[in-house]
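Protein chains in written order, with the working numbering: chain A, 130 to 474; chain B, 130 to 474; chain C, 130 to 474; chain D, 130 to 474. Take a look at the structure set out below.
And the structure:
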């Protein structure tokens, strides 16, 4: 086994597929089924989602997170609208302008130290409403868990959704790591999404042990009316849909989504425990989920990266990001903290 | 085994994954590799493509055919351009307007009995050139094999590409079934694409035995300059890219692409042979690849569909489409032709 | 006076501004008024429109016909929709793909000999409805009078609007020459638009004696809800709006719209009368409004153009277009028919 | 004369048309000329622009500033690009998201106290370059004079354009008030645009005494290659173009552009002089051009507005904006400063 196959802490996207999910894919590879989602696997995956989120939930499987986010946002907006989000939001920073290209909307970004946004920051943006010279705020998009590894409490979400709905706006949640957030909070998935007023959720599968596939869950039925066309025109309708569906069916069964997330979160806490007292290591964000943000001495970083690659999050502040995954082991953490100690002590 | 798992003739998208490709996916599921394509599997798949199409070929793996087509077209156009294609083209009929949404361009469609277009039809459209009131023709998009199961000869393609290039235009090829076309012609893949002047090719994988994945092959290097941004912004950049890459690596090794296509084509010819003399059956197109277009007595169609589903292609003309696949067996054909005979004789 | 200032028959866009309208512009150039339409001139122009079309009519002044058409269509569609129109429609042929760029929609075009489309042609397109692979027909756009100088009768329009509404669709009318159509029919403007079910009308001003300015009239109130944002984002909100408004106020007063149109129509009929018996002249369309379509001997055309420019409509068929205008005189027609006779007899 | 026709200080858009320009419009209203810009008036206006900006300048007349800005930006970008500008930029704040809708690009905004941006702020944004996850910075857009009434010196502009070009980027200038900037600096128009490296300029006409009309001036010839299609598809091609052209011809003759701007600037300085010592009045920006930004006691503002309307610029900071115009008189200023004194003393 060469270096390139070692597990590391660069990204939960660098991990592979959970064995149970791979087994399910194998099982689904039998005979012919109707393409584009009119098949029993998709029916079953949709039923699982409805079991968890309630029977009125509209479920659309797509390929990836960018697709889930931009199509969800398209369903909620017209081109003259503005989408409010944190400066650090994935939709603002990491999707190469896909939201603007797909929706035509302006992103109104709010500064955030911890990846969260608050109603007090949003309120002044309503000033623009009714004035045709300004893009009209229509959607608040929050990420749960945030890009900085922090988690909104249900009450924090509800404060935002209530404000949004009171002001004729909608709430989108980028849930690429929604399972990790629920695992951290000890709640179900529904309690931190639909039950607290979220209108559209990008439900993440890939980072939590799937090969590919995310789901757009629409809780406000009128927003789902034309979503099948939006998905197709948006290039996100899979022909051999069964292979996304069977992954979700498995992830949502026997709480695999939760077990994977709990494990990844626990590994991050363990890593934090192991490294927090090493001189030169400063953990800069609360370790809620499977991410550590760590300030390191600048000159050390390239040396560490050459032995076990990870990303620099903030060049200027010398902050790096370490992600754990469903398949991270205690040995991985032991080895990585030893590496750190070797370079820092 | 229930009805829903039976193999049928509705679509090559209804088939599953070739066993060798599934094995490769399993093998690739080991350890961590860098996400988004900076991994050894992708490197290897790209090398395979370059081996076949030449080292200057630029290779971009994407999720599906709609994605490959619209992003390829976006790389070739500006919004004030027109894209010329057959009325029957998949990009015109079956992508819910995705080309217009992604590129802003107008599609100029040409009538076609057999799915092909010819230079004589295209020439009059150049009349619009230089006149700012008209969308400016920039790309000719042809499908190989066509949506009607016919195949352009290399000389037919070259006539179009020469005309295009002589007139400052580019040629896009929708190659969702390019392997079937090459199998029919008995040529290599390069001889009917790059060598005859095609600029951008959507190379199909899914219909030929893959789980998901298509490739955009760019032969005109200047068109590739910004394609990585177009792919990302277009929602078609896979995070766990290795799982697309390893499929292509396998499909392109030991001529699996050719064997699968040859088999599917052979099965279609066999089916044609079996049914052509059944009274009431009229084959309306040349059976070049894995598709049969058949005129049937109108009242028979729903009864056949209820036993083995397939799609009506032309309601008015009472023409249906039967597709074979890499996994179609002689028994399937025997059973289906028996079914036909039972209903027609 | 040089050649370039002579009146000709190339286009009603080549004429200038009616003296009464120019006087009104001069009168409006006094003091300061609030920009962007919150001024008494705009109030008064809107009131005139409501007087004619009914008080619930929503009125939005814009710069030009392309703007009126594409923004009206944007208000009626989502990007996955299709817009049905004649192949000859201005929105299809003469706006450089603006409808596709602005709306993301596909245009579904119908062949037409006389510029009109009929329900029987539209009906088969509904086949696509509900199938996510196909752009969803949502708007039927008709031109009144058509680009071929013909006029829909009120009953013909109503047949289309009834069909549209019965099938969950809307009707857009490109009324760049709506006044000429009403003048021909001897009806009011409302009887051939709102009263027969049109939902959104592009009301033409420029070709009928204005300097610049068209109006989007929205008869279905729910379509107007966000139009002010669509107009602004669409670059069609004029800052010194009063100068569009006062032109419309004048055009709509004392039936100037009708007088101008009647005059232009009469001049076209007179021209037809004068030329119809000249050997080699063949009038190919009914002369309903201010346009003549005339088949001429091919070699004569450039010679005529060099003395009095006009456009070739159909190169292949050797058909040219002659337009009259609000300012065409009997002397102009006399001179032009003399010119013809000189070259043809 | 009623209240609504009084001159005020709300906006230079609230003024009418300069008498010389109106006379020119009248003169141009004679006979027929070819529509869409192929006429002697447009030829002459273009020649005037080339006289001032150099013969290689490409000139495109459009209707308004939003049109000039978004089409200029479209000519400089692809949808995956980012456009860098001040948070206060008109293209960011006052165009209802038109740049995003037209270009698909992301706007990257920089904080600014005085409306200007600086190279030090821009440099960190280049970090994103080459990384497909991030929108790629391509254009720096600056406003001259800024929305806050300040003016970039030629050296400040050159610092930005040199940085842009050194880094493969382009510079767009929103010159809605470029004449006022030149008047302030005492330079020609070319010295602060083309000569210091600006690539595309929106040249403002409406706010400086025209009825309607702006010009897109393209100094980098390769950016102009397809601009005529961009203008047409962007709804900004005027049919009776002569009426924009003749206005520009007049504005650019006998330095009318400069005289108008100088007058408006002088009136603003005079107003500043008159009010600066009134207790409660605090001028917050340098009065370079025809704009004053003034902090006032909050409760006074509505009372002043009811007598002579103007806009609040910053509700929170209680800052208002007063604009002078080419037609502002010393009496207007006297009256307005009396009004202020009445309310504040």
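For glycine and all other residues, C-beta sits at the position ideal for the given N, C-alpha and C.
Taking a Cβ-Cβ threshold of 9 Å, none of the residues of chain C is close to residue 296 of chain A; the smallest such distance is about 16 Å. Secondary structure in the region 350-431 of chain C: the beta strand (DSSP E) runs of 3 residues or longer, each lying completely within the stretch, are 420-424 in chain order.
When only Cα atoms are considered, residue 238 of chain B and residue 381 of chain A end up about 45 Å apart.
About 5 Å separates the Cβ atoms of residue 211 of chain B and residue 266 of chain B, confirming a contact at the 8 Å cut-off. Along the region 346-375 of chain D, going in chain order, the ones with a CB nearer than 8 Å to a CB of chain B are 355, 357, 358, 359, 360, 361, 362, 366. Just measuring C-alpha positions, the residue of D/217, D/296, D/144 sitting nearest residue 160 of chain C is D/144. The criterion of a C-beta distance shorter than 7 Å is not satisfied by residue 371 of chain A and residue 333 of chain A. For residue 151 of chain A, the enclosing alpha helix (DSSP H) stretches over residues 148-157.
Looking at C/384, C/464, C/255, C/314, the one whose alpha-carbon comes closest to that of residue 292 of chain C is C/255. For the pair residue 278 of chain C and residue 420 of chain C, the Cα-to-Cα distance works out to about 5 Å. When beta bridges are read from the DSSP output, residue 339 of chain B appears opposite no residue. Contact check for residue 213 of chain D and residue 198 of chain D: beta-carbon distance about 14 Å, past the 8 Å limit, so the pair fails to qualify. Among the residues facing chain B, residue 208 of chain C is included, as its CB has a counterpart in that chain under 7 Å away. Every beta strand (DSSP E) of 3 residues or more that sits fully in the region 233-288 of chain B is shown, in chain order, as 235-239, 265-272.
In terms of beta-carbon proximity, residue 225 of chain C lines the interface with chain B, with at least one pair separated by less than 7 Å. Residue-level contact by beta carbon holds for residue 264 of chain D and chain A, with a gap shorter than 7 Å.
Looking at B/340, B/373, B/367, the one whose alpha-carbon comes closest to that of residue 196 of chain A is B/367. Relative to residue 153 of chain C, the option among C/338, C/331, C/229 whose CA is nearest is C/338. Straight through space, the alpha carbons of residue 439 of chain A and residue 383 of chain B are spaced by roughly 36 Å.
Around residue 136 of chain B, the beta-carbon contacts reaching into chain A at under 9 Å are 160, 161.
If you draw a straight line from the Cα of residue 206 of chain D to the Cα of residue 182 of chain D, it is about 23 Å long. In the displayed model, residue 210 of chain D falls within a strand according to three-state DSSP. By alpha-carbon distance to residue 148 of chain B, the top candidate from B/467, B/376, B/351, B/425 is B/376. The DSSP-derived three-state label of residue 327 of chain A is coil.
In chain D, no part has a C-beta under 8 Å from the C-beta of residue 441 of chain A; the shortest such distance is about 10 Å.
For residue 450 of chain D, the pairing in a beta bridge is given by DSSP as D/422, D/440. Here residue 300 of chain B is bridged, per DSSP, to B/269. For residue 170 of chain B, the enclosing alpha helix (DSSP H) stretches over residues 169-182. Among the residues facing chain D, residue 172 of chain B is not included, as its CB has no counterpart in that chain under 7 Å away. By a beta-carbon distance limit of 8 Å, residue 248 of chain D contacts residue 288 of chain D. Their separation comes to about 6 Å. In this structure, B/268 is the residue among B/261, B/459, B/268, B/454 with its C-alpha nearest to the C-alpha of residue 252 of chain B.
By the CB criterion at 7 Å, residue 192 of chain C and residue 192 of chain D fall inside the cutoff. Under the 7 Å criterion on CB atoms, residue 146 of chain D is classed as interfacial with respect to chain C.
Contact between residue 317 of chain B and residue 231 of chain B does not hold, since their C-beta atoms are separated by about 31 Å, which reaches or exceeds 8 Å. Take residue 257 of chain C, set aside five residues on each side of it, and the residues of its chain with a beta-carbon closer than 8 Å to its own are 211, 263, 264, 265, 266, in chain order. In the DSSP assignment, residue 314 of chain C falls outside any beta strand (DSSP E) and lies within the alpha helix (DSSP H) extending over 307-314.
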